[in-house]
Amino acid sequence: MLRVKYTNWWDSRKVEQSIESALAKMDLFNKTLYGRRKVIDEKLLLEAAKSSHENGKVYYVTIYEDENPYCYFENNKAFFRVSFLDEHLRKYMSYDFTNESEVSMPKKLFLSVVKIWDFKGDSDKVVKITSYIFHTDGKFVIVERDHIKNEQTNSEAKNKIDVSANWEDYPGFGKYDSIIRIERGLNMVLETNA
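Numbering (our numbering), first residue to last: 119 to 312.
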């Protein structure tokens with residue numbers, strides 16, 4: 119069972135940020151004053167997040183599966199970065215959804231980047247980060263950063279690829295299943311072009 123909380127995940131400490139911290143960040147970016155209210159609680163945080171969603175402002179979500187953090191994301195206008203957590207609470211994969219229009223709530227989002235972190239065993243030491251970069255016209259690039267050798271390689275697909283599976287409907291408030299699903303029909307593209 120998935121549970122949604124409108125707080126931010128703190129990567130370096132591997133904990134959910136407090137309601138006060140989440141509201142303070144939203145107030146800073148959105149120029150709002152929710153953090154100055156007398157009662158600071160989850161109800162106020164929900165109100166602030168909903169208002170931010172409706173007005174194309176910044177808000178945060180952490181999603182739990184069976185009481186364990188599953189993923190978290192930031193919504194900023196028409197940009198969503200969904201970060202997935204492994205059993206060690208490390209960010210192991212992220213999806214960037216974008217829309218080039220200036221509309222704060224477009225009808226569609228495009229999955230433009232899939233990023234995967236490889237770690238040394240159970241440690242937090244990053245060995246490699248691979249970014250799969252998709253363009254709406256079918257252009258496809260892979261960027262591999264080797265953190266051991268301190269090297270980066272860029273590879274571009276010779277042919278354009280079908281990116282129809284990269285489009286998602288803009289999610290309604292609290293309806294995030296479509297952007298947090300891991301399986302996207304991209305496996306063949308990632309395996310073939312890796």
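Note that the Cβ used here is the ideal one computed from N, Cα and C, for glycine as well.
Through-space distance from residue j to residue i, alpha-carbon basis
i, j, result
"N311", "F228", "Confidence in N311 is poor, its pLDDT being 48 and thus under 50, which makes the residue's placement too unreliable to answer from."
"M144", "D242", "28 Å"
"K226", "N217", "7 Å"
"V176", "Q135", "15 Å"
"M306", "K267", "In this predicted model, M306 has a pLDDT of only 48, less than 50, meaning its place in the structure is not dependable enough to derive any value."
Secondary structure of residue i, DSSP reduced to three states
i, result
"L146", "helix"
"G292", "coil"
"T254", "coil"
"E301", "coil"
"S169", "helix"
"E134", "strand"
"S249", "strand"
Cross-strand partners of residue i (DSSP beta bridge)
i, result
"R71", "The shown model of the chain, from 119 to 312, leaves out residue 71, and the question about it has no answer."
"S273", "I260"
"R199", "E192, D214"
"V157", "Paired residues: none, contrary to the question."
"L227", "E286"
"V176", "Paired residues: none, contrary to the question."
Nearest residue (CA-CA) to residue i, options the options
i, options, result
"M119", "L162, K276, D295, F291", "D295"
"S230", "L207, E138, K257, D204", "K257"
"A167", "I247, K123, D240, R299", "K123"
"E262", "I181, Y250, G239", "Y250"
Test: residue i CB closer than 8 Å to a CB of chain D
i, result
"Y213", "Looking at the structure shown, chain D is missing, and only one protein chain is on hand."
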